[in-house]
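Engineer: The listed protein sequences correspond, in order, to chains G and B.
Each residue of the first sequence is one higher than the last, beginning at 1 in this note's numbering.
Each residue of the second sequence is one higher than the last, beginning at 459 in this note's numbering.
All C-beta atoms in this analysis are idealised placements derived from N, C-alpha and C, irrespective of residue type, glycine included.
Take a look at this one; I'll ask things after.
Protein chains: 2
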Amino acid sequence: MEQEQPDITQYELNKEFLDRLQQAVQEQDEAFIRQSLDGVNSADISTILYELDTEGCKWVFNLMPVEKGAEILTELDEDVRRDFVKSFEPEELVPYIEEMDSDDAVDVLKEQPVRRREEVIARLTDREQSKYIVDLLHYEEDVAGGLMAKELIKANINWTVTQTIEEIRRQAENVSKIYSVYVVNDEDILLGKVSLKRMLLARAGTKIADLYDDEVISVQTFMDEEEVAQIMRKYDLDAVPVVNVQNKLVGRITIDDVVDVITEQAEEERQLMSGISEDVEETDSVWRISRARLPWLVIGMAGGLVAATFLGNFEQDIEVIPALAFFMPLVTATGGNVGIQSSSIILQSLANPSVFSESVGRRLLKVLLVALLNGLLLAAFLLLVVTLMGYESQLVLVVSIALFNVVLLASFMGTVTPLVLDKFNINPALASGPFITTVNDILGLGVYFTVAHLLYNI
Amino acid sequence: MEQEQPDITQYELNKEFLDRLQQAVQEQDEAFIRQSLDGVNSADISTILYELDTEGCKWVFNLMPVEKGAEILTELDEDVRRDFVKSFEPEELVPYIEEMDSDDAVDVLKEQPVRRREEVIARLTDREQSKYIVDLLHYEEDVAGGLMAKELIKANINWTVTQTIEEIRRQAENVSKIYSVYVVNDEDILLGKVSLKRMLLARAGTKIADLYDDEVISVQTFMDEEEVAQIMRKYDLDAVPVVNVQNKLVGRITIDDVVDVITEQAEEERQLMSGISEDVEETDSVWRISRARLPWLVIGMAGGLVAATFLGNFEQDIEVIPALAFFMPLVTATGGNVGIQSSSIILQSLANPSVFSESVGRRLLKVLLVALLNGLLLAAFLLLVVTLMGYESQLVLVVSIALFNVVLLASFMGTVTPLVLDKFNINPALASGPFITTVNDILGLGVYFTVAHLLYNI
Numbered sequence: 001m002e003q004e005q006p007d008i009t010q011y012e013l014n015k016e017f018l019d020r021l022q023q024a025v026q027e028q029d030e031a032f033i034r035q036s037l038d039g040v041n042s043a044d045i046s047t048i049l050y051e052l053d054t055e056g057c058k059w060v061f062n063l064m065p066v067e068k069g070a071e072i073l074t075e076l077d078e079d080v081r082r083d084f085v086k087s088f089e090p091e092e093l094v095p096y097i098e099e100m101d102s103d104d105a106v107d108v109l110k111e112q113p114v115r116r117r118e119e120v121i122a123r124l125t126d127r128e129q130s131k132y133i134v135d136l137l138h139y140e141e142d143v144a145g146g147l148m149a150k151e152l153i154k155a156n157i158n159w160t161v162t163q164t165i166e167e168i169r170r171q172a173e174n175v176s177k178i179y180s181v182y183v184v185n186d187e188d189i190l191l192g193k194v195s196l197k198r199m200l201l202a203r204a205g206t207k208i209a210d211l212y213d214d215e216v217i218s219v220q221t222f223m224d225e226e227e228v229a230q231i232m233r234k235y236d237l238d239a240v241p242v243v244n245v246q247n248k249l250v251g252r253i254t255i256d257d258v259v260d261v262i263t264e265q266a267e268e269e270r271q272l273m274s275g276i277s278e279d280v281e282e283t284d285s286v287w288r289i290s291r292a293r294l295p296w297l298v299i300g301m302a303g304g305l306v307a308a309t310f311l312g313n314f315e316q317d318i319e320v321i322p323a324l325a326f327f328m329p330l331v332t333a334t335g336g337n338v339g340i341q342s343s344s345i346i347l348q349s350l351a352n353p354s355v356f357s358e359s360v361g362r363r364l365l366k367v368l369l370v371a372l373l374n375g376l377l378l379a380a381f382l383l384l385v386v387t388l389m390g391y392e393s394q395l396v397l398v399v400s401i402a403l404f405n406v407v408l409l410a411s412f413m414g415t416v417t418p419l420v421l422d423k424f425n426i427n428p429a430l431a432s433g434p435f436i437t438t439v440n441d442i443l444g445l446g447v448y449f450t451v452a453h454l455l456y457n458i
Numbered sequence: 459m460e461q462e463q464p465d466i467t468q469y470e471l472n473k474e475f476l477d478r479l480q481q482a483v484q485e486q487d488e489a490f491i492r493q494s495l496d497g498v499n500s501a502d503i504s505t506i507l508y509e510l511d512t513e514g515c516k517w518v519f520n521l522m523p524v525e526k527g528a529e530i531l532t533e534l535d536e537d538v539r540r541d542f543v544k545s546f547e548p549e550e551l552v553p554y555i556e557e558m559d560s561d562d563a564v565d566v567l568k569e570q571p572v573r574r575r576e577e578v579i580a581r582l583t584d585r586e587q588s589k590y591i592v593d594l595l596h597y598e599e600d601v602a603g604g605l606m607a608k609e610l611i612k613a614n615i616n617w618t619v620t621q622t623i624e625e626i627r628r629q630a631e632n633v634s635k636i637y638s639v640y641v642v643n644d645e646d647i648l649l650g651k652v653s654l655k656r657m658l659l660a661r662a663g664t665k666i667a668d669l670y671d672d673e674v675i676s677v678q679t680f681m682d683e684e685e686v687a688q689i690m691r692k693y694d695l696d697a698v699p700v701v702n703v704q705n706k707l708v709g710r711i712t713i714d715d716v717v718d719v720i721t722e723q724a725e726e727e728r729q730l731m732s733g734i735s736e737d738v739e740e741t742d743s744v745w746r747i748s749r750a751r752l753p754w755l756v757i758g759m760a761g762g763l764v765a766a767t768f769l770g771n772f773e774q775d776i777e778v779i780p781a782l783a784f785f786m787p788l789v790t791a792t793g794g795n796v797g798i799q800s801s802s803i804i805l806q807s808l809a810n811p812s813v814f815s816e817s818v819g820r821r822l823l824k825v826l827l828v829a830l831l832n833g834l835l836l837a838a839f840l841l842l843v844v845t846l847m848g849y850e851s852q853l854v855l856v857v858s859i860a861l862f863n864v865v866l867l868a869s870f871m872g873t874v875t876p877l878v879l880d881k882f883n884i885n886p887a888l889a890s891g892p893f894i895t896t897v898n899d900i901l902g903l904g905v906y907f908t909v910a911h912l913l914y915n916i
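Quick look at the structure:
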């Protein structure tokens, strides 16, 4: 959706301005609000609305022109918007929906209960738009069909430049950013594209057939959004046409939507890697934040309790050689680090799949070699240092041998877990989080005390 | 740089095709290479080159038309390109540089030793381009000036649409993607922009002054690349003009470059969070991968050794109550998880800075509240479970009290560390990695055994 460009950019949006604004809301000072928010970018207005209470929001929102309001709605965070829009009567919502591109309209409507959704769609005056929306509602959110907008400029291959410019004029207000004009035949089959630049430089009479570029990258409606993002990134596309199985042109995905996909992926991955189970921000309520953090903490503790029970079997060993306990943190920490490192490398390959990926066998072999190399180096390092620290040679041996095995085991776990999760369509980033560390803690201690038990044959 | 759009997209680039290609390289079968790579997107050709040995690469590369070769060079990974380009004589490189946009040319030249760089620039025939390149070489890589290209279309506010179209025609081959025409006055001060769409729909005689949009978001040359990315993302911009301190228009940043910035950020963050110290991929050599992983593993082990020495002071306690050792993993694991969670939430706020951010004081208060809440809940949970596991009440008390304090401490560490690192312009993601876990392990054990020592007053 087109962005009105603000003369006051976000830097002027400071606390003072916000305070004055909140005061104005208190005093219902319409004049001030109108004048001070005039020309401010809708993205900035949405950040301001976050700072107001619900009816404050609603009041300010209603002072905005409809077109602006529609932009603001598209800018709002999903969860904020869901509740905010709930406060609208269906007929109140209609004018804003009518101002939106089909993809944005669908995003807003999908958040609402089916009944209200239908009520709004039924009231839309623009038949074409409601057809668009109903069509888009069928697609999963995370595939190309769920990302695309129906609004685009297409030209029949038999048209002239003049006819095409006429079409652009007709569609001008529906399609805010054009990028390219897509060329189709009478059956709407995608044949190619013409950049606006070429149209601008071509003579009016020129036939599109003589102008268009027949090498166009397109994606299919069912393609996964992450794959769409990869393709647009790889080929530096600012828009990509979407086709159905018969290669009919059905929509268009623009880069701004893909940028959001990429950013959301990164944030989701970070949360999984750090064991946060909901999409929380620092600004959320204390209760929401702690609730999002508890699950993995409890799971981690459960792991700790399993470890405790397991260690119970070695009470005697620890009694005889308390020094065994001293190196437990070293063993668990190294296991954890190795595991996270391994899984993170797999994560990266999963994020940027190579066209010519090696066989799983060869990949595991490589992991094994790296693990052997690092394991040996670290064990040797440890052997040396712990000896210098003056511990008895038997303990030194136990610690070093255990560590070597822990490195091997953790590498294996860290490599296999994300691959398995990915197979089952679970986000593999989960494997770089508390999960793998907990497992590695237990396995590591298992190895450590087994080795100790054997070497000391207590 | 403009992407030729392939009719065979990446899906056809499979192992079989690669094998046939490699064979053709063996047999120096020029005809096959030329014909099979004709019309293939340069991004795809670059992925193919990764699979060939150095002289194989060079040989195939030399079969490509110069324009294509320039595209391929811009597509290659920095480290691969650096070595590949080394094999060029300066005069060999010149034609490819001359085909590139100034920003891409600078990226390639910056990787080469200053001397070769100068030799190439000296040989450039296009004076304007060499001026551009010399100018861009001054900027840091990670600021707007280092991201921007000098190529752009600008129109004087006094021009007509016709004059502007003439300018576009003149610049057509230098500026592959236009997006908007930037409007300046006689002093080159940025006044606004006109979208191509508007130009296309306007009558030829129309004055730019009557057509242009004076609300344009611009960035300054010294702005940090991450801030540029945030702005383009927030306002859904596909290109942003870059101005100097006098607000003179000096360049333009396009969305494709920013998409790369965003992706690289995410990857760098993942590597820091998982304690990998170099930019490695699964496809890198065994030696490179293990070298990238060793540093943090060693640091982690060093931490483990500190912990071991520290625990040495409590040998007696462990001897008397070996059960104390059983709960060490639980304490360290929970400390680690809490720390990572806390720092990850801070990371998110640092990545998406709010315009109206709360004071550090209030933020820390919130963190404290969350920590108190989770600490109490977890400690209570532990108290219950460990009692049920049949451990003596004193140990249960020690473990629970210790855990509560560990949660508080780890939350504090996890919150403060990234904020401090950020202050010193170190990537705060470092704080979500092995670093914070190692520190928390030691602190956690410290708390645990101090509590034990006091309660048992051994």
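Got a sec? Which residues, its chain only, sit under 6 Å from I340 (chain G) by beta carbon, not counting five neighbours each side?
Structural biologist: Taking the first sequence and counting its residues from 1, one reaches residue 340 (chain G) at position 340. Closer than 6 Å at the Cβ level, and outside the excluded window around I340 (chain G), lie S432.
Engineer: What number of angstroms, rounded off, separates the C-alpha of P418 (chain G) from the C-alpha of D142 (chain G)?
Structural biologist: For this step, residue 418 (chain G) is matched to residue 418 along the first sequence. For this step, residue 142 (chain G) is matched to residue 142 along the first sequence. Distance between the alpha carbons of P418 (chain G) and D142 (chain G): 21 Å.
Engineer: What alpha helix (DSSP H) runs, 4 residues minimum, are completely inside the stretch 115–160 of chain G?
Structural biologist: You should have 127–137 and 144–147.
Engineer: Using a Cβ cut-off of 8 Å, which residues of the stretch 262–285 of chain G contact any Cβ in chain B, in chain order?
Structural biologist: Result list: I262, T263, Q265, A266, E267, E269, R270, Q271, M273, S274, G275, I276, V280, E281, E282 and T283.
Engineer: Using the Cα positions of M657 (chain B) and V642 (chain B), report the straight-line distance between them to the nearest angstrom.
Structural biologist: Translated into positions along the second sequence, residue 657 (chain B) becomes position 199. Translated into positions along the second sequence, residue 642 (chain B) becomes position 184. Going by the C-alpha atoms only, they are around 16 Å apart.
Engineer: Does A766 (chain B) get closer than 9 Å to chain G when you measure Cβ to Cβ?
Structural biologist: Counted from its first residue, the second sequence places residue 766 (chain B) at position 308. Cβ-Cβ to chain G under 9 Å: yes for A766 (chain B).
Engineer: Short of 7 Å in beta carbon distance, which residues of its chain neighbour L840 (chain B), apart from the five on each side in sequence? Order them along the chain.
Structural biologist: Your numbering for residue 840 (chain B) matches position 382 in the second sequence. Counting only Cβ-Cβ distances below 7 Å, and skipping sequence neighbours, we find V857, S858 and L861.
Engineer: Going by other Cβ atoms of all chains shown within 10 Å of its Cβ, with 16 needed for buried, is W745 (chain B) buried or exposed?
Structural biologist: Within the second sequence, numbered from 1, the residue matching residue 745 (chain B) stands at position 287. Burial call: exposed.
Engineer: Please check if any C-beta of chain G sits within less than 9 Å of the C-beta of D465 (chain B).
Structural biologist: Position 7 of the second sequence, counting from 1, holds the residue named residue 465 (chain B). The pLDDT assigned to D465 (chain B) is 42, lower than 50, so where the model puts this residue is not dependable; a value taken from the coordinates is nonetheless given after this. Yes - at least one Cβ of chain G is within 9 Å of the one on D465 (chain B).
Engineer: Quick one: list the residues of chain G neighbouring N499 (chain B), beta-carbon separation under 9 Å, in chain order.
Structural biologist: To locate residue 499 (chain B), count along the second sequence from 1; it is residue 41. Near N499 (chain B) (Cβ distances below 9 Å), the residues of chain G are E215, I217, K234 and Y235.
Engineer: Flag this pair as touching only if the stretch 559–567 of chain B and the stretch 583–597 of chain B have three or more C-beta atom pairs under 8 Å; answer yes or no.
Structural biologist: Flag = yes, the stretch 559–567 of chain B and the stretch 583–597 of chain B touch.
Engineer: Can you say whether A829 (chain B) is buried or exposed, counting buried as having 16 or more other CB atoms within 10 angstroms of its CB?
Structural biologist: Within the second sequence, residue 829 (chain B) is the residue found at index 371, counting from 1. Label assigned to A829 (chain B): buried.
Engineer: Let me check one thing: in DSSP terms, what residues is R710 (chain B) bridge-paired to?
Structural biologist: Counting from one through the second sequence, the residue named residue 710 (chain B) turns up at place 252. Answer is B:A607 and B:P699, bridged to R710 (chain B).
Engineer: Work out the CA separation of R116 (chain G) and I803 (chain B) for me, nearest whole Å.
Structural biologist: The residue you call residue 803 (chain B) lines up with position 345 of the second sequence. The residue you call residue 116 (chain G) lines up with position 116 of the first sequence. The alpha-carbon atoms of I803 (chain B) and R116 (chain G) are separated by roughly 35 Å.
Engineer: Among G:F222, G:I299, G:L397 and G:F412, which residue has its Cα nearest to the Cα of S342 (chain G)?
Structural biologist: Along the first sequence, one-based indexing puts residue 342 (chain G) at 342. Cα-wise, what sits closest to S342 (chain G) is G:F412.
Engineer: Hey, does Q348 (chain G) have any beta-carbon neighbour from chain B nearer than 9 Å?
Structural biologist: As a position in the first sequence, residue 348 (chain G) is number 348, starting the count at 1. Taking Cβ atoms only, chain B reaches closer than 9 Å to Q348 (chain G), which makes this a yes.
Engineer: Based on DSSP bridge pairs, tell me the residues matched to Q678 (chain B).
Structural biologist: Against the second sequence, residue 678 (chain B) aligns to sequence position 220. B:V701.
Engineer: Between the stretch 291–302 of chain G and chain B, which residues of the former have CB atoms less than 8 Å from a CB of the latter, in chain order?
Structural biologist: Answer in chain order: R293, L294, W296, L297, V298, G300 and M301.
Engineer: For the beta strand (DSSP E) containing K651 (chain B), list its first residue and its last residue.
Structural biologist: Here residue 651 (chain B) refers to the residue found at position 193 when the second sequence is read from its first residue. Looking at the DSSP string, the run of the beta strand (DSSP E) that includes K651 (chain B) is L648 to S653.
Engineer: Give a yes or no on whether 9 Å exceeds the smallest Cβ distance from E315 (chain G) to chain B.
Structural biologist: Within the first sequence, the letter at position 315 stands for residue 315 (chain G). Cβ-Cβ to chain B under 9 Å: yes for E315 (chain G).
Engineer: Answer yes or no: does any C-beta atom of chain B fall closer than 9 Å to that of I208 (chain G)?
Structural biologist: For the purposes of this step, residue 208 (chain G) is identified with residue 208 of the first sequence, where counting begins at 1. Judged by the 9 Å Cβ criterion, I208 (chain G) is not in contact with chain B.
Engineer: What are the residues in the stretch 624–639 of chain B lying within 9 Å of chain G by C-beta distance?
Structural biologist: Listed in sequence order: I626, R627, A630, V633, S634, K635, I636 and Y637.
Engineer: Of all the residues that make up the stretch 475–487 of chain B, which are near chain G by a beta-carbon distance shorter than 8 Å?
Structural biologist: Of all residues in the stretch 475–487 of chain B, L476 have a Cβ within less than 8 Å of some Cβ in chain G.
Engineer: Determine the burial state of Y469 (chain B): buried for a count of at least 16 other Cβ atoms within 10 Å of its Cβ, exposed for fewer.
Structural biologist: Locating residue 469 (chain B) in the second sequence gives position 11, where the first residue counts as 1. Annotation note: pLDDT 41 at Y469 (chain B) (below 50); position unreliable, coordinate value reported separately. With fewer than 16 other Cβ atoms within 10 Å, it is exposed.
Engineer: Excluding the five sequence neighbours on either side, which residues of its own chain have a C-beta within less than 8 Å of the C-beta of E462 (chain B), listed in chain order?
Structural biologist: The residue labelled residue 462 (chain B) in the question sits at position 4 within the second sequence. With a pLDDT of only 39 at E462 (chain B), under 50, the local geometry of the prediction cannot be trusted, and the value read off the model is given with reservation. Closer than 8 Å at the Cβ level, and outside the excluded window around E462 (chain B), lie G497, N499, S500, K526 and E529.
Engineer: Can you give the Cα-Cα distance for L455 (chain G) and S504 (chain B), rounded to whole angstroms?
Structural biologist: One-based indexing of the first sequence puts residue 455 (chain G) at position 455. One-based indexing of the second sequence puts residue 504 (chain B) at position 46. The alpha-carbon atoms of L455 (chain G) and S504 (chain B) are separated by roughly 54 Å.
Engineer: What are the residues of the stretch 823–847 of chain B that lie near chain G, defined by any Cβ-Cβ distance shorter than 8 Å?
Structural biologist: Here the close residues are K824, L827, V828, L831, N832, L835, L836, F839, L840, V843, V844 and M847.
Engineer: Let me know the secondary structure DSSP gives Y914 (chain B) once reduced to three states.
Structural biologist: Numbered from its first residue, the second sequence carries residue 914 (chain B) at position 456. Residue state, collapsed to three classes: helix.
Engineer: Identify, in the order they occur along the chain, each residue of the same chain with its Cβ nearer than 7 Å to the Cβ of E625 (chain B), setting aside the five sequence neighbours on each side.
Structural biologist: Walking along the second sequence from the start, residue 625 (chain B) turns up at place 167. I611 and A613.
Engineer: Determine the burial state of S851 (chain B): buried for a count of at least 16 other Cβ atoms within 10 Å of its Cβ, exposed for fewer.
Structural biologist: For the purposes of this step, residue 851 (chain B) is identified with residue 393 of the second sequence, where counting begins at 1. Under this definition S851 (chain B) is an exposed residue.
Engineer: What do you get for I720 (chain B), buried or exposed, if any count of 16 or more other CB atoms within 10 angstroms of its CB means buried?
Structural biologist: Here the question's residue 720 (chain B) lines up with position 262 in the second sequence. Counting Cβ neighbours within 10 Å, I720 (chain B) comes out buried, since at least 16 surround it.
Engineer: State yes or no: is the C-beta of G361 (chain G) within less than 9 Å of the C-beta of D441 (chain G)?
Structural biologist: Here residue 361 (chain G) is taken as the residue at index 361 of the first sequence, counted from 1. Here residue 441 (chain G) is taken as the residue at index 441 of the first sequence, counted from 1. Not a contact, by the Cβ cut-off of 9 Å.
Engineer: Would L912 (chain B) count as contacting chain G if we go by Cβ distances under 9 Å?
Structural biologist: In the second sequence, the residue the question calls residue 912 (chain B) occupies position 454. Judged by the 9 Å Cβ criterion, L912 (chain B) is not in contact with chain G.
Engineer: Give the interface partners of N795 (chain B) over in chain G, defined as CB-CB distance under 8 Å, in chain order.
Structural biologist: Against the second sequence, residue 795 (chain B) aligns to sequence position 337. Chain G residues near N795 (chain B): G275, W296, L297, G300, P434 and T437.
Engineer: Could you spell out the range, first to last residue, of the beta strand (DSSP E) harbouring Y640 (chain B)?
Structural biologist: In the second sequence, counting from the first residue as 1, residue 640 (chain B) sits at position 182. Segment S638 to V642, the beta strand (DSSP E) holding Y640 (chain B).
Engineer: Taking a contact to mean a Cβ-Cβ separation below 9 Å, would you say L752 (chain B) touches N425 (chain G) in this structure?
Structural biologist: On the second sequence, residue 752 (chain B) is found 294 positions in, with the first residue counted as 1. On the first sequence, residue 425 (chain G) is found 425 positions in, with the first residue counted as 1. Their beta carbons are not under 9 Å apart, which means L752 (chain B) does not touch N425 (chain G) by this criterion.
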